[in-house]
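Student:
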Amino acid sequence: MNNPVLITGVGKRIGYQLAKHFLENDVPVIGTYRSHYDTIDELTQMGAKLFQVDFYVTAKVDEFCESVKSQFDHLRAIIHNASDWIPEKVERPNDEIFDKMMTIHGKIPYQLNLAFADLLSNTTDDMADIIHFTDYVAQTGSKKHIAYAASKAALENLTLSFATLLSPKIKVNSIAPALIKFNPGDDEAYKQKAVNKALLPREGGYSEVIDTVDYIMRSQYVTGRCFALDGGRHLK
């Protein structure tokens, strides 16, 4: 049996696409989700081992960690995809929003990396991987999503610390996407405005993310790095 990959937030978009990719290539998937979608049933039928976890509830996080450690002896990778996106009004600071952003994007990856470090070290492959999904705004900030941007910057910094701590058996890298895929309800005016922010005016597409994850996991010589998938926004 191949070493399983643990992916947080597999219910939709990037998490769902990555889970399908691994399952279709005979790589076992352990996944988490907070809300139930039809995709959860699909992934379960494909063989994924899924856990419903609210990462904002400490007891549920502890229960999840114990369940995984009791059922699995090793992991090939942890991919931190679970995310939340809550805008705040600057004129009315909201501590709850800030705490939530820091929890889901900082505290949870910190906890899971430490909780499952032994399982990653036990991989039967040459190396194991931790991949953090950060965001383009970690480097630019955001007027409308200050807490979100700050929390993603914290996650990017965790990449550096864990790469140092867990080397040489475990590689730790991050991926910072900008526009990957529009949502079905996005109107044409919004789409045009969004693509025009990049030198390459288009959606990145899920294949860009999957290819980047595959490259990181194949690599024997890359750790502590952040891979930007942003179409050249930094030069626009």
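Sequential numbering of the sequence shown, starting at 1, is according to full-length UniProt numbering.
Just so it is clear, CB atoms sit at the ideal spot from N, CA and C, and this is done for glycine as well.
(1) If I follow the unbroken alpha helix (DSSP H) through N157, where does it start and stop?
(2) Tell me T8's beta-bridge partners as DSSP assigns them.
(3) At what residues does the beta strand (DSSP E) containing A198 begin and finish?
(4) How many Å lie between V137 and A153 at the Cα?
(5) When you compare only the Cα positions, how much space is there between D41 and V68?
(6) According to DSSP, simplified to helix, strand and coil, what is V172?
(7) By Cβ distance below 6 Å, which residues in the same chain neighbour P177 in space, the five residues on each side in sequence not counted?
(8) For M217, which option in C65, G31, L120 has the closest C-alpha, if you only look at C-alpha atoms?
(9) Rounded to whole angstroms, what's the CA-CA distance from I108 to I78? Just pull it up for me.
Tutor: By the coordinates alone:
(1) Translated into positions along the sequence shown, residue 157 becomes position 157. In the DSSP assignment, N157 falls within the unbroken alpha helix (DSSP H) covering 146-166.
(2) Counting from one through the sequence shown, the residue named residue 8 turns up at place 8. H80, per the DSSP bridge assignment.
(3) The residue labelled residue 198 in the question sits at position 198 within the sequence shown. Element bounds for A198: n/a, residue is neither H nor E.
(4) Walking along the sequence shown from the start, residue 137 turns up at place 137. Walking along the sequence shown from the start, residue 153 turns up at place 153. The straight-line gap separating the alpha-carbon atoms of V137 and A153 is approximately 8 Å.
(5) For this step, residue 41 is matched to residue 41 along the sequence shown. For this step, residue 68 is matched to residue 68 along the sequence shown. Rounded to whole angstroms, D41 to V68 spans 20 Å at the Cα level.
(6) Here residue 172 refers to the residue found at position 172 of the sequence shown. The three-state secondary structure of V172, taken from DSSP, is strand.
(7) Translated into the one-based positions of the sequence shown, residue 177 becomes position 177. These residues qualify, in order along the chain: L229.
(8) What you label residue 217 is simply residue 217 of the sequence shown in a count that begins at 1. When only C-alpha atoms are compared, the closest one is L120.
(9) Reading the sequence shown from its first residue, position 108 is the one you call residue 108. Reading the sequence shown from its first residue, position 78 is the one you call residue 78. Separation of I108 and I78 (C-alpha to C-alpha, rounded to the nearest whole angstrom) is 12 Å.
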